[in-house]
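In UniProt numbering, the protein residues as written are 1 to 602.
Don't be surprised by glycine CBs; every beta carbon is placed ideally from N, CA and C.
See below for the structure under consideration.
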């Protein structure tokens, strides 16, 4: 190192002075301590290093070394001097005041002692400013929360709801909506319905649908007061059929959309039952013209309140029930009404389109009644077979349909025979079931008939060319089975009190006679096609033939086979006889009593 300095001096003619300041790194390599712990005090140590460098520089400029050259001292390392060497002034290096802001070397960068400042004094309470700020913010948030909670409690204690609007007479628009309720129901055709009628043990509950366009109800009846009507119910007009289910759960559910085909029977509601007025109320909610009298000023109709249902906001109106007769004057000068008039006025939940969503009223003999309508639940309803089945659009027969009807007798005789099953709701107290055989070759029918009202008795019926014979026997002696599904009659026919007549006018006799006649129908122009249906998995045409007050329907498939015969009964229901081709056993004639022998004359 020293040789290099001497050579450099010889070349340039100038004496190079070694740099006394330590090398400085670029700013990007300088690390900054950002930890919260204060840095140690380096002022005294920095001052000592500056003194040592200054002393080394001064000594280098006066000491020429062995060669007598000043450059020898310049290149002598300063670290060889003891740390306790004295300066030119005779003061120990460790005792000198730190140099601040004083340039140590004109040619090199300077180092200031104040670049490393002393740390700030720690707070006497042990908390830094950051902790104090955090604590202050938390205190402010807690104070805000407590203030808000106190204000909320005070507001709830002092709040009172706005008083409800008082009831008032109907406006013109409200009166028009009330008058159009029944017309709107008829226009909408159908609706889902849920009804609760009565209280406590007499309460009944209904769930199902109402079809105002066809006066059809299809409901599931439940509740503690359902009684014998528990189960499924269908009503068309005044005809009511039930499918009792005593084992059903008390709470009703929506009935199956496609009703079951078996166990339906005509039913007459007992006097005083609460079901009859409720069914009348549901069917009475439709009409083909507005009822302006209900919204008249003297009707007592009033606006009660506003409410909200699942379909949206509604108005609650109080008015007489639709279809109730107006009060009429009595001989004593007072006003009276029919016994079916409800106790008090009803309340209607109506929307802006005159649709009824809820009805609350009281019916005499029933008590409070609540009707809730679901206007979006509007499936197409299918009446059961006892009520005529699905509706159709009657039209004239096509040539193919007429040809199949004309050829029906020949086709039936070619089949020889069939088994038959009869279901005949002939009266509100008479529901018949039958099973047996039919032979078109001998023109004979033989069957056992059961009455649901008398389950332990059977009536054997035999029809042949000589007429109609009947015999009443116990169920066990007549084939057995249940009243709902009786067995076929015994062969040969048992001996018994057979009653013989030429013809019968009851529904069973008419159906059996029509079946034995092998499809011989009336005049050509009296037959119409009612609808298309399905029987035994086959598509059939339902053809109705009416003559002399008797309406018969023939269910004929596309191959010309007769699957069913239907008869419209006096009870406004439909009895039907189902036929299935089979090999029929020999139907022996009934035993006839032996003729008494004449006594010889004496």
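Along the chain, where does the beta strand (DSSP E) containing residue 242 start, and where does it finish? 239-244
Relative to the C-alpha of residue 440, which candidate in 573, 517, 204 has its C-alpha closest? 517
Checking the sheet assignment: what are the DSSP bridge partners for residue 293? Paired residue(s): none; residue 293 is not in a bridge.
Taking just the CA atoms, how far does residue 189 sit from residue 376? 11 Å
From the DSSP secondary-structure annotation, give me the bridge partner or partners of residue 217. 210, 235
Put residue 129 into one of helix, strand or coil per three-state DSSP. helix
In chain order, what are the residue ranges of uninterrupted beta strand (DSSP E) at least 3 long that sit wholly in the stretch 550-584? Those beta strand (DSSP E) runs which fall completely within the stretch 550-584 and span 3+ residues are 550-557, 562-568, 574-581.
Spatial neighbours of residue 237 in its chain, beta-carbon cut-off 7 Å, leaving aside the 5 residues before and after: 215
Anticipated Cβ contact below 8 Å, residue 462 with residue 590, distance rounded: 6 Å
Which whole-angstrom value describes the C-beta separation of residue 355 and residue 318, a residue pair presumed to lie in contact below a C-beta threshold of 8 Å? No, residue 355 and residue 318 are not in contact; Cβ-Cβ is about 18 Å, not under 8 Å.
DSSP three-state assignment for residue 205, whether helix, strand or coil: strand
Taking 7 Å as the cut-off, decide whether the C-beta atoms of residue 225 and residue 253 are in contact. no
With respect to the alpha helix (DSSP H) encompassing residue 633, which residues constitute its N-terminal and C-terminal limits? It is not possible to answer for residue 633, since the shown part of the chain is limited to 1 through 602.
Extent of the continuous beta strand (DSSP E) run through residue 533: 527-535
Quick one: Cα of residue 431 to Cα of residue 269, how far? 15 Å
Could you tell me which uninterrupted beta strand (DSSP E) segments, each at least 3 residues in length, are contained entirely in the stretch 396-421, listed from first to last along the chain? Counting only runs of 3 or more, we get nothing.
Looking at the strands, I want to know which residues DSSP matches up with residue 372. 194, 358
Figure out for me which residue from 498, 310, 483, 291 has the closest Cα to the Cα of residue 320. 291
Whole angstroms are fine: how far does the CA of residue 366 sit from the CA of residue 280? Distance from the CA atom of residue 280 to the CA atom of residue 366, rounded to whole angstroms, is 13 Å.
Candidates 170, 153, 196, 443: closest to residue 220 by CA position: Measuring from the Cα of residue 220, the nearest candidate turns out to be 196.
Determine whether the beta carbon atoms of residue 315 and residue 350 lie at a separation below 7 Å. yes
Span of the alpha helix (DSSP H) holding residue 184? 181-188
Can you look up residue 315 in the DSSP assignment and give me helix, strand or coil? Assigned with DSSP and collapsed to three states, residue 315 falls in strand.
Have a look at 178, 193, 255, 478 and flag the residue whose alpha-carbon is nearest the alpha-carbon of residue 382. 255
Using CA atoms only, rank isn't needed, just tell me which of 178, 400, 435 is closest to residue 424. The shortest Cα separation from residue 424 among 178, 400, 435 belongs to 435.
Start and end of the alpha helix (DSSP H) containing residue 513? Counting along the chain, the alpha helix (DSSP H) containing residue 513 begins and ends at 507-516.
Please identify the residue among 558, 458, 529 whose C-alpha is closest to the C-alpha of residue 537. 558
What would DSSP say about residue 609, mapped onto helix, strand or coil? The chain is shown only over 1 to 602; residue 609 falls outside these bounds and no answer can be derived.
In DSSP terms, what residue 451 is bridged to: 432, 454
Continuous beta strand (DSSP E) stretch holding residue 170: start and end: Unbroken run through residue 170: none, as it is neither H nor E.
In chain order, what residues of the same chain have a beta carbon less than 6 Å from the beta carbon of residue 165, not counting five sequence neighbours either side? Annotation for residue 165: no residue places its beta carbon closer than 6 Å to its own, counting only its chain and skipping 5 residues before and after.
Selected residue, minimal CA-CA separation from residue 499, among 468, 506, 510: Considering only alpha carbons, the answer is 468.
Mapping the DSSP letters down to three states, classify residue 273 as helix, strand or coil. coil
Look at the alpha carbon of residue 213 and the alpha carbon of residue 542, and state the distance between them as a whole number of angstroms. 23 Å
Nearest-angstrom Cα separation, counted from residue 140 out to residue 148: 12 Å
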